[in-house]
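Peer 1: Have a look at this one.
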Amino acid sequence: MSTLTEPVVNESLALKLGLSREEWQVALRLLGGRTPTYPELGIFSAMWSEHCSYKSSRIHLKNLPTEGPRVIQGPGENAGVVDIGDGWAVAFKMESHNHPSFIEPYQGAATGVGGILRDVFTMGARPLANLNSLRFGELDAPRMKGLVKGVAAGISGYGNCMGIAMLGGDVGFDACYNGNILVNAFTLGVLKTDKIFKGFASGLGNKMMYIGSKTGRDGIHGASMASAEFGEGSEEKRPMVQVGDPFTEKLLLEACLEIFETDWVIGIQDMGAAGLTSSSFEMASRAGTGLELRLDQVPMREEGMTPFELMLSESQERMLLVARPGCEDKIIAVLHKWGLDAVVVGEVTDSGRFIGTWHGEKVIDLPIQPLSDAAPKYDRPRARPTYLDEVNALPMPDDLGPDDVERTLRNLLAQPTIASKHWIFEQYDGTVRGNTLLPQGSGDAGLIRIKGTDKAVAVKSDCNSRFAFLDPFWGAAHAVAEACRNLSCVGAEPIGLSDCLNYGNPEKAENMWAFEQGCLGIRQACLALNAPIVSGNVSLYNDTEGVGIFPTPMIAAVGLIEDVALPVDVNAPDATALSQVGNRYCGSAFRAPFDGIFLLGETREELGGSEYLKLRTGKVFGACPELRLDDEFRLQACVREGIRMGLIRSAHDTSEGGLLTTVLESAFGGGMGCQLMLSKHALRMDSLLFGESASRIVVSVTGEGESALKSLCETHRVPLVKLGTTGGARVTVAVDGQPILDSDAAELKAIHANALEAALG
Amino acid sequence: MRVAVPVFPGSNCDHDALHASGVVMGWDTHPVWHQETRLPEGTDLVFIPGGFSYGDYLRCGAIAALSPIMGDIKRHAENGGLVFGVCNGFQILCEANLLPGALLRNESLRFIHQQVHIRVERADLPFTSAMKAGQVMQVPIAHAEGNFTLDASELLDLEARGGVAFRYCDATGQVGEAQTPNGAANGIAGIVNLRGNVLGMMPHPERAVEPEMGGVDGLGIFRSLARRAQCPVSK
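This is the structure in structure tokens:
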């Protein structure tokens, strides 16, 4: 049994597994000159991969603000935890699954959802909401339609089966993702503050238990795959993509939550990237202990598996836990009730070493802390890219004439980034468990109530990567501001963020500079908006054949409404009269005709990076719109207060497509038209209608509410402009008294609603 | 009213069912693990929840239909007790032969989550007596296999005996192919057995019982059942 046929370990094999020459030398020194065994080499390769070690990004991540009065657990655990009061907390995290999704979209996206769910429920939290931030290339790029469909189906297949409400996220399209799509998955769960579980392997002699699915040969080297550029032949990496089984994960979720009700568990961690390797090393490293694992006792899906494969497999739906002494059998009984494996595979030791045995023979003997400490940490060269000066200075085209507005608007509404994404999000169950107050498409953020409390939690992810392309610092700051703004638009106050930093090859100085700037930009916006980063993930090497994506620092924001619930009597004789509740939150759709439409915030001459400019010229250029963070802070406070007062009846922030698109989206949601009377002042027509100045929100209030809105905006020093009135079957727009648009609202809505499905073919 | 909510491995709307029945309606509601062989003593209503029992492997509902608890659910139905299956619960009832027909993959081949309208076709059932025939309810659907199918002669029989409880429609009550989101035969959203005590439907009325959920139209069904509880079934 112990005669393993394994390759000869030498430098060339180490290089093949992704270690650099220097890293190979460090490994040898760590072992006192002894040549590592094959499974040991596999462990070095996984633990020191970019994906697991953050070797290029660590020195910059320390810039992120991670502390705040509500933060219970910041970065470093399976997920961040933030206090929401009265003994309750939320755990959440966002993570990338870009590379696997590009190779095999269904399984790649599905296991992305599965992985992030485990990160959250391993903390002891019941997952309640998912988001997905997706970036695709142009729909006519090779394979792209299939990637969109496959990713949507994968998320749908996994998330729906798990019974977690999908509350949205965001979907964008740009040529920069033609060869490298982004799939960033986010989960939020709720837990009690005195019932938080951590990945801690402590207590000499305590049993290490393996629970969940059996280990197979899938996903071996997944972490290394995510740490290299794509080139020709990447399709051959398909066997490295894990295969998900949401049914098993659902059983694992329920089994874990059942044992978390007890005091039988000392520490637990999911087996994600680099599987058994990273989970065991991280658990022991946090506790400062050692581990001894009998690898031959790991449940295996097939015969003939080797220690190397067992340590590196990324088979899904598995957990490693440390049991309280004497509770092993009770844990096993619960897992068996749910039809899952649960096996004691080892013990916690005080040796500080990881010992792996195979039928009694020692095949792995590595020092745990030194291996983590010796993990490479690079201060890679950085250089400001030369393209910036060029794209920032390109001249703007001529202004739009009044006769061009309608045609431009119709084209814009049909652009995939602006068009309704209902074709995608209707494939997700958004209301399961009956907590959803604002499902996707009805508000700027998703909103769920926390049953048993008066609280509601809002979630939204954002990043306009064109802004980050034009200015890596301010583009990243915009992502934070926009995500938080969207929370404020439903009435929730930002309380914590998770980031997923998607960048290109860090070995290119321009990419590393953009990464550093991104971290600094996030820092500035987080500090200004009082929103710490509590969890996150870095995805580098988003390049195919040397072409990188735009910097895409995706930000998922979590917000809180302390007392959303209003007392309701469901047994009232006329229950339909009760459906107009919720005056402590609001959606983005206009609610009734004859309401006043107002713009909060200032419109500037800012066309840079806009969808409009891309549509007209085919290029992304200009200056990144300005972001005045103190204006942003006051704007958000203002809109939250207006919503809380019951004054603001709808709120929608302006983003891609600019002011006119934003107003129309609110009108479409309300199933009505609107009459707008705008003033240009010194602005160009196109800047007024389609420019993407930040820190702006379109709201509607009743006629009686107008004066209250004025004084609210004065109090918060927020610029306020009346745009027009809701209602009617048509959309009419006049600029400085001159009519420039008169269209049927339903027809425009149909363009917006049907464009994506039509383009997907 | 005593309600049993059977929970299978992979059920995920059990929470929705327990909440609607136990919290919103305030009924005496018990989750029942599928390996039990007996329903709680005095069960009036069995509410089979939605989800992905057994991961939808083999066919939706096929494996759950063989679970140990199903024997007692069948006995309960034979004795005239009420059985209500929503979404995967409906699929299980069809697989268990408590209701006719099968739920195939949606015509679009995609999962669909939407608010839809359904029309009450029968207001003389224990599940619908607090509503009016022709009344339109707004409720969500969330399924990939809701395309109700029956062979032509059985479909005629079902229609002839008034076995259709709910049909997809638009906000005005108009029915037709364009109003049917999943391709279901005759726009059928829910059916009832001959005796009128077993009802299955694809839409989720239990997700439309509180204003915060975006609507309360689902209460029509629960109020009907409450009315029924006041005049106990003669067994």
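Chains A and B are the protein sequences, given in the same order.
Quick note: our numbering has the first sequence finishing at residue 761, numbered continuously throughout.
Quick note: our numbering has the second sequence finishing at residue 1235, numbered continuously throughout.
Note that beta-carbon positions come from the ideal geometry of N, C-alpha and C, so glycine has one too.
Note that this is a predicted model, so its numbers are computed, not measured.
#1: Whose C-beta lies closer than 7 Å to the C-beta of A/A759 among residues of the same chain, with five residues either side of it excluded?
#2: When Cβ atoms are compared, which residues of the segment 160-186 of chain A fall closer than 9 Å to chain B?
#3: Would you kindly report the start and end of the unbroken beta strand (DSSP E) that includes A/Y210?
#4: Whose CA, out of A/E507, A/N435, A/Q517, A/R523, lies closest to the CA of A/S498?
#5: List in chain order: all unbroken alpha helix (DSSP H) runs of 4+ residues lying wholly within the segment 1078-1102 of chain B.
#6: For A/L437 and chain B, any beta-carbon pair shorter than 8 Å?
#7: Give me the subset of the segment 1083-1117 of chain B whose CB atoms are less than 7 Å from a CB atom of chain A, sorted by chain position.
#8: Strictly by DSSP, which residues pair up with A/Y158?
#9: Decide yes or no for the touch test of the segment 404-411 of chain A against the segment 1090-1098 of chain B: beta carbon pairs closer than 8 Å, at least 3 of them.
#10: Use the C-beta contact count for A/L695: other C-beta atoms within 10 angstroms, 16 or more gives buried, fewer gives exposed.
#11: With respect to the beta strand (DSSP E) encompassing A/K460, which residues constitute its N-terminal and C-terminal limits?
#12: Could you have a look at A/V762 and say whether DSSP puts it in helix, strand or coil?
#13: Note down the Cα distance separating B/P1031 from B/D1014, rounded to an integer number of angstroms.
#14: Going by Cα to Cα distance, which pick from A/L293, A/I331, A/H336, A/V343 is closest to A/G360?
#15: For B/L1018, is the classification buried or exposed, using 16 other Cβ atoms within 10 angstroms of its Cβ as the cut-off for buried?
#16: Have a look at A/I72 and B/S1129 and give me their C-alpha separation to the nearest angstrom.
#17: What's the gap between the Cα of A/E692 and the Cα of A/G157?
#18: So A/S461 and A/M162 are in contact, right, with Cβ under 8 Å, and what is the actual spacing, rounded?
#19: Out of A/A734, A/M208, A/R70, A/V432, state which residue places its alpha-carbon closest to the alpha-carbon of A/T349.
#20: With 8 Å set as the bound, which would you pick, yes or no: does the beta-carbon of A/T603 sit closer than that to a beta-carbon of chain B?
#21: Could I get the ranges of all uninterrupted beta strand (DSSP E) runs contained in the segment 337-424 of chain A, with 3 residues as the minimum, in chain order?
#22: Does DSSP put A/L95 in a helix, a strand or coil?
#23: From A/F425 to A/P370, what distance separates their C-alpha atoms?
#24: Between the Cα of A/A374 and the Cα atoms of A/A755, A/L30, A/A514, A/R118, which residue gives the shortest distance?
#25: For A/S285, does the count of other Cβ atoms within 10 angstroms reach 16, so buried, or fall short, so exposed?
#26: Looking at the unbroken alpha helix (DSSP H) that takes in A/M283, where does it start and where does it end?
#27: Any idea what DSSP makes of B/M1201, helix, strand or coil?
#28: Just list the residues that DSSP pairs A/G80 with in beta bridges.
#29: Could you check how far apart the C-beta atoms of A/V697 and A/A651 are, in whole angstroms? I think they sit under 8 Å.
#30: Let me see if you follow: with CB-CB separation under 8 Å, is A/T431 close to chain B or not?
#31: Does B/K1235 get closer than 8 Å to chain A when you measure Cβ to Cβ?
#32: Of the residues that make up the segment 240-262 of chain A, which ones have a beta carbon closer than 9 Å to any beta carbon in chain B?
#33: Enumerated in chain order, which unbroken segments of the beta strand (DSSP E) with a length of 3 residues or greater are wholly contained in the segment 478-554 of chain A?
#34: Please work out which residues of its chain come closer than 8 Å, Cβ to Cβ, to A/A274, disregarding the five sequence neighbours upstream and downstream, and give them in chain order.
#35: Could you tell me if B/R1228 is buried or exposed, where buried requires 16 or more neighbouring beta carbons within 10 angstroms of its beta carbon?
#36: For the beta strand (DSSP E) that contains A/P142, what are its first and last residues?
Peer 2: Put simply:
#1: So the list reads L139, P416, once near-sequence residues are dropped.
#2: Per Cβ criterion, the list reads N160, C161, M162, G163, I164, M166.
#3: Run containing A/Y210: 207-212, per the beta strand (DSSP E) assignment.
#4: For the residues A/E507, A/N435, A/Q517, A/R523, the minimum Cα distance to A/S498 belongs to A/R523.
#5: Counting whole runs of 4 or more residues, the segment 1078-1102 of chain B contains the alpha helix (DSSP H) stretches 1088-1095.
#6: The beta-carbon of A/L437 is placed less than 8 Å from the nearest beta-carbon of chain B.
#7: Listed by position along the chain: R1110, F1111, I1112, H1113, Q1114.
#8: As DSSP reads the structure, A/Y158 sits in no beta bridge.
#9: Using a Cβ-Cβ distance cut-off of 8 Å, the segment 404-411 of chain A and the segment 1090-1098 of chain B are not in contact, since fewer than three pairs of beta carbons, one from each stretch, lie closer than that value.
#10: Checking the displayed sequence, the identity of residue 695 of chain A turns out to be Ser instead of Leu. Under this definition A/S695 is a buried residue.
#11: DSSP places A/K460 inside the beta strand (DSSP E), whose first and last residues are 456-462.
#12: Any answer about residue 762 of chain A is impossible in this case: the structure gives chain A only from 1 up to 761.
#13: Each residue's CA atom was taken as its position, placing B/P1031 and B/D1014 some 8 Å apart.
#14: If we check each option's Cα against that of A/G360, A/L293 comes out closest.
#15: When all chains shown are included, B/L1018 counts as buried.
#16: When the Cα atoms are used, A/I72 and B/S1129 turn out to be separated by approximately 51 Å.
#17: Their Cα atoms are separated by approximately 35 Å.
#18: No, A/S461 and A/M162 are not in contact; Cβ-Cβ is about 19 Å, not under 8 Å.
#19: If you compare the alpha carbons of A/A734, A/M208, A/R70, A/V432 with that of A/T349, the shortest gap goes to A/M208.
#20: Contact with chain B is absent for A/T603, since none of that chain's Cβ atoms lies less than 8 Å from the residue's Cβ.
#21: Listed in chain order, they are 341-349, 353-358, 361-367.
#22: In the sequence as presented, Leu is not what sits at residue 95 of chain A; that position holds Glu. Strand, per DSSP.
#23: Each residue's Cα considered, the two are about 46 Å apart.
#24: Nearest of A/A755, A/L30, A/A514, A/R118 to A/A374, Cα basis: A/L30.
#25: Buried.
#26: Secondary structure note for A/M283: its alpha helix (DSSP H) is the uninterrupted segment 275-287.
#27: Three-state result, B/M1201: strand.
#28: Per DSSP, A/F92.
#29: What sits at residue 697 of chain A in the sequence shown is Ile, not Val. The beta-carbon distance between A/I697 and A/A651, rounded to whole angstroms, is 6 Å. This is short enough to meet the 8 Å contact definition.
#30: For A/T431, the nearest beta carbon of chain B is closer than 8 Å to its own beta carbon.
#31: Low per-residue confidence applies at B/K1235: pLDDT is 34, beneath 50, and the placement is therefore not dependable, though the value from the model is reported in the following sentence. Taking CB atoms only, B/K1235 has no neighbour in chain A less than 8 Å away.
#32: Contact annotation: in the segment 240-262 of chain A, residues whose CB is within less than 9 Å of a CB in chain B are D245, P246, F247, T248, K250, L251, E254.
#33: If we require 3 residues or more, the beta strand (DSSP E) runs fully inside the segment 478-554 of chain A come out as 493-502, 533-539.
#34: For A/A274, where only same-chain residues beyond five positions count, the Cβ hits under 8 Å are A46, M47, S49, H51, C52, G222, A223, L312, E314.
#35: Classification of B/R1228: buried, given that the 10 Å Cβ count is 16 or more.
#36: Careful: A/P142 lies outside any beta strand (DSSP E) and carries neither H nor E.
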